[in-house]
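Residue numbers (our numbering), protein chains in the order written: chain A, 1 to 252; chain B, 1001 to 1252; chain C, 2001 to 2299; chain D, 3001 to 3258; chain E, 4001 to 4315.
Here the structure is laid out as structure tokens; the discussion comes afterwards.
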Ligand SMILES: Nc1ncnc2c1ncn2[C@@H]1O[C@H](COP(=O)(O)OP(=O)(O)OP(=O)(O)O)[C@@H](O)[C@H]1O
Ligand SMILES: Nc1ncnc2c1ncn2[C@@H]1O[C@H](COP(=O)(O)OP(=O)(O)OP(=O)(O)O)[C@@H](O)[C@H]1O
Ligand SMILES: [Mg+2]
Ligand SMILES: [Mg+2]
Ligand SMILES: O=P([O-])([O-])[O-]
């Protein structure tokens, strides 16, 4: 079966000042699949994830060589960064709602992209909250501050906020690591649903989670990809000794 | 075979303000053994560890009920806190050397406990650094700042600093979680050596590590001990479903 | 003999507590003394009537008004500039030579003695413009004094907004400027407001920079005249004007009224009460805004 | 500039003349609604500088402009002599001495005599309180009371304005200074010099030598409000009432000239 | 294709980014312009003493003869040493009184009772900051001056030559020390607060008492920050004008003791500038003093940066 590529990188190198955080990373990310990135702390997972929507632009002194393509367009010179980030949404490790009402949190994205009609915004807010399985819990308190929600609810709010700008790809950087087991399960279920309409790339430090939810897994070490394959294969018979050591907990 | 108890707690409850972080914790800690504390983030492992040398005293608004005994003496009223902490040393998650020279870092403890003789201090510094397997790496740069050491070296320095006050118990709160695999291995080996002369209690989020280095393991959940037994037993046939779920990565 | 560390600790702690107590006592005495000395003047008549230089019974109406007006005028000038510069420093400045230069300038300006800034104001806003002593020149000089402070407050307030919030906005495809205007500034408001009220308090009490710019005396004002172009209108920024702090200094140095001492006492009491008011105000506002942003109340 | 505002003028300068200028301005404004006159002290030097620079409309001075400004600058100013003022040596009220000879005064201010007992008082240290070198009061006092002798700079406490001098003398035991008559009241004690009491009459009849003309300088001819205000001060109404009430000496009463 | 996206980018960019960005950048740069013009104007006036009046800068800095008109003792001279010495000694004295007190307060606020520190002492310090300098001067004048005067009068061991007016170097330094303590204290608080919790935990875990921890770990680790506070305090003391002028007696002579009258650079400017005819030697010399003040306050900043650089070197 032929793979449908949504995103791919080629020989990506990234330097923070003089330290190299990514080395020749070449990865293909399939459409409507969940791709997991695993590896020990500091190996460059978050850094790699952020190259995909150019969030590294925020950091001073970053130098990037190599290419990232989204639907065949080079993200670093053929796409405007604003358009790119509209298409490639991101969910962070710690839920980070704006200190505004729940409604305003979700309407924020559409608004900055020019949607003004109140009824249109209402619609988007509802749809996104339904999409992130939060609607029932918050529909009566849309005007209340988002900071009053629980951690798990906040994280789903952040997912809804991303969905509201109708992205094609959703990047998630350890989205459940700050959450309790129950919320974690809810979000994992949500990811499973979302992959029907979105392409998802997720960083996780929890090997079992990677095993449960992803289709493909990339194992990073010291900024390099050690192994990239179908999740099942990686977890059952890794071809690299280091992958095996990591998965069995010899380090990390 | 009869167990030799070094430390034990009885019905320990701890409240941060109105939230309870420890619930009826009763644990026996054997002499010259390594006891591992595992459990998901926020379950109270660090909190428990800190009750053993009263580091929680530093936190405002803490209320503690129940008892902690060291060698049969109640830590909270029969022992002076300074003496207690001399006997029960602690190594933290992030290496935390003082911003002084390597020598000064290690000599600090003995000095505050009244040792002034230069030759005596020299001796202690050397012995502690040898004990923490760092002597060879730093013996030529004792006067240099400890902040110039690598993370793994810093952590071993911190262990040496604890050894310098000749404790009987060493508490370790995720001592390797900020370290690279190589340093981790070194520290694990060190722990193995240390247990001959010290009683060690270690918090770890790495199940494999717990399996490798500890004799007994306590599994915490929501501030309670779910299961406490020999490590082998916990990892091979846990008696509680939640322990099993955690160990196999269903959550956490 | 070695003192037991535990005992040394107790002694040291006791000393620290005593010193802290002294500090609090000092403030209580200080404020208490001023208010007690000025108590006979703390009435509406004193607060609203004209100062008198020869006979007794003068008030501090115009100086008090001038102080408030000075705060308003200088804030109108320094706030937009300072906030902009603060935004630039917090968000756009790259670690280049120029940024280092700006930072040095901010620090240098902030550390300049206010008398030097007063002289600069005298030279540029009074002599070179040929405007003579006037409120606006004073406000300009005070703005120079304030600018580095406001810049720093704004920069800090914006920097203190959690990075995660900024990232969230950018990751949604907002431009940097949109993020600043729609997320960062609103989030920074509690810090900004507190800082600005404190700064206003400083303007309110400034004297050295004003002696040579807005002058040490004014003429009688007509408080029913709201035409800012009319010379007797209190709103006219081109009139010479003494602020309350300058007034105290002047009463001390050339006070010829028989009750000069009492007038200065009264004015000092009013000033200290204002200092307390500014402080309490900033606390209340800061608290309210913080609560709002922490999600305790509806938005 | 100030001249552009027809209905408002500002005045600064001599602190000796301040009481008169200030009170006259108040009266004038009360009589002429809409006119605004702001008066401040600052010292004669400041008055002359500021009027020359156009910073104020009238510069008050105890000394001739020529003594302070460069000749070409002084030429641009127009002098309006409005009255004369006497300057008295004053002491703290606890000083037992009532009279000093000129020589004693000079010796005190040049630091040769440092204790009151040397001039017939108690055993008490003399504290000199001086004005800045650009004060007109000081210049006059130096010229006519000290006969031009240089004060012992280092020994003196220095105060900015006549008001402060009055206050400091009243608070400091054994202190001596000098004040325009307009500042004399029960808080300080004026001294006789060579037996002559410092009064307006003695100034007018030439027996008391320490006095100066009070000048109101304008840049060029006075016009508009400036002119009417100066005219007002020179009018009999002011000269006969306010001027004498404030212990100045009307020009027409002066029997001596300088 | 590539050009197409470039066009799209510029539309976004101008509308939603470039405009705002340009404005704030301009005002950032404006601060440089302002500083430079400030330095330029003060310098050009301040240099006139040396260029126009041909006074020697060496004499200006190191001679103590300040006589702008000239008298029987010689022609006009503008040696500012008395003022410089006065400024330095009064600031140093204030620093000596204030620093231990401020550090103690900052330790209390961060280590002894952070709660009281935040709830009580923080507001107290902020109020001390907010009190206008004329009010400090006024209280100094009405409380401290009479008090010191009484004190010097009562002291039997002072011979008759002592200044008993109460206006003295000491009075000024006392007033200043209250004015600068909030600066030193709050910077020290920041420095102590910025220390990682780690240090404290590590020390306590080794069985150190709080005082041992403070003295041997926390204060040494925070020392660069505390020094920064001290320098800032010094800068503030140096630049304070009115409060000092009101209480030091303004005597143009070297003070022989702390009970003697003194004069400072700011004080002489405050007193004489209004009287000085612009363009004369006196006026120019006062501007030179202002220029010197400016240079000194810039030097303080450089010193602070040096301290800061040392700190980052340690880390
Ligand atoms: N802004 C930055 N400046 C300099 N170095 C950085 C920066 N961000 C990350 N690094 C370094 O780059 C390397 C990769 O970091 P990255 O955050 O991508 O790791 P990670 O795999 O996400 O780790 P974790 O699991 O801890 O999140 C690390 O060595 C880190 O120290
Ligand atoms: N100083 C404190 N004040 C209030 N609550 C606290 C404090 N420290 C910890 N807690 C709370 O107590 C609970 C237990 O925390 P603790 O740090 O012991 O967890 P842990 O098991 O060590 O977690 P981790 O693996 O993340 O280190 C958590 O819910 C935490 O939020
Ligand atoms: Mg990461
Ligand atoms: Mg922990
Ligand atoms: O009147 P004078 O202020 O110049 O002494």
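All C-beta atoms, glycine included, are put in the ideal place defined by N, C-alpha and C.
Option in the options with minimal Cα separation from residue i
i                      : options                        : result
residue 32 (chain A)   : A:217, A:168, A:239            : A:168
residue 1047 (chain B) : B:1245, B:1207, B:1203         : B:1203
residue 3191 (chain D) : D:3010, D:3039, D:3121, D:3030 : D:3121
residue 2236 (chain C) : C:2040, C:2069, C:2008, C:2055 : C:2069
residue 4193 (chain E) : E:4206, E:4177, E:4163, E:4219 : E:4219
residue 4036 (chain E) : C:2017, C:2242, C:2108         : C:2108
residue 2147 (chain C) : C:2081, C:2183, C:2180, C:2164 : C:2081
Under 8 Å between C-beta atoms of residue i and residue j
i                      : j                      : result
residue 1175 (chain B) : residue 1091 (chain B) : yes
residue 4172 (chain E) : residue 4124 (chain E) : no
residue 4287 (chain E) : residue 4048 (chain E) : yes
residue 142 (chain A)  : residue 102 (chain A)  : yes
residue 3203 (chain D) : residue 3084 (chain D) : yes
residue 2155 (chain C) : residue 96 (chain A)   : no
residue 1049 (chain B) : residue 1173 (chain B) : yes
residue 4135 (chain E) : residue 2268 (chain C) : yes
residue 1036 (chain B) : residue 1217 (chain B) : yes
residue 1099 (chain B) : residue 1147 (chain B) : yes
residue 4208 (chain E) : residue 1029 (chain B) : no
residue 3220 (chain D) : residue 2130 (chain C) : no
residue 2133 (chain C) : residue 2214 (chain C) : yes
residue 4275 (chain E) : residue 4263 (chain E) : no
residue 1027 (chain B) : residue 1051 (chain B) : no
residue 4181 (chain E) : residue 4102 (chain E) : yes
residue 3136 (chain D) : residue 3016 (chain D) : yes
Residue span of the alpha helix (DSSP H) that contains residue i, given as start and end
i                      : result
residue 3267 (chain D) : Given a span of 3001 to 3258 for chain D in the structure shown, any question on residue 3267 (chain D) remains unanswerable.
residue 2146 (chain C) : 2135-2159
residue 3235 (chain D) : Unbroken run through residue 3235 (chain D): none, as it is neither H nor E.
Residue range of the unbroken beta strand (DSSP E) whose run includes residue i
i                      : result
residue 1035 (chain B) : 1034-1038
residue 1225 (chain B) : 1224-1230
residue 1014 (chain B) : 1005-1016
residue 3089 (chain D) : 3077-3091
residue 28 (chain A)   : 28-30
residue 1020 (chain B) : 1019-1025
What is the chain-ordered set of residues for which the beta carbon lies under 5 Å from any non-hydrogen atom of ligand 1?
Taken from the N-terminal end onward, the list reads A:16, A:21, A:41, A:42, A:43, A:44, A:45, A:46, A:47, A:59.
By C-beta, the residues closer than 5 Å to any heavy atom of ligand 5, given in chain order
Listed by chain position, these are D:3014, D:3015, D:3016, D:3043, D:3044, D:3062, D:3135, D:3136, D:3137.
Name the residues in the segment 95-110 of chain A whose C-beta lies less than 7 Å from a C-beta of chain C; which are they?
Answer in chain order: 96, 98, 99, 100, 101, 108, 109.
Could you please tell me which residues of the segment 4247-4281 of chain E, in chain order, have their CB closer than 7 Å to any CB of chain D?
Listed by position, the residues of the segment 4247-4281 of chain E near chain D (Cβ gap below 7 Å) are 4249, 4250, 4251, 4252, 4253, 4261, 4271, 4272, 4274, 4275, 4276, 4277, 4278.
Taking a Cβ distance cut-off of 7 Å, strictly less, list which residues of the segment 1188-1214 of chain B are near chain E, in chain order.
Near chain E, meaning a CB-to-CB distance below 7 Å, no residue of the segment 1188-1214 of chain B qualifies.
Give, in chain order, every residue of the segment 42-58 of chain A whose Cβ lies closer than 8 Å to some Cβ of chain C.
Of all residues in the segment 42-58 of chain A, the ones placed with a Cβ closer than 8 Å to any Cβ belonging to chain C are 53, 55, 58, in chain order.
Chain-ordered residues of the segment 2127-2148 of chain C with a beta carbon less than 8 Å from chain D
Those would be 2127, 2130, 2131, 2132, 2133, in chain order.
Cβ-based contacts, 9 Å cut-off: residues of the segment 4106-4139 of chain E near chain B
Listed by position along the chain: 4114, 4115.
Using a Cβ-Cβ cutoff of 9 Å, what residues of the segment 2195-2229 of chain C are near chain A? List them in chain order.
Result list empty, no residue passes.
Contacting positions in the segment 1164-1190 of chain B - beta carbon closer than 7 Å to chain A
The segment 1164-1190 of chain B vs chain A, Cβ under 7 Å: 1181, 1184.
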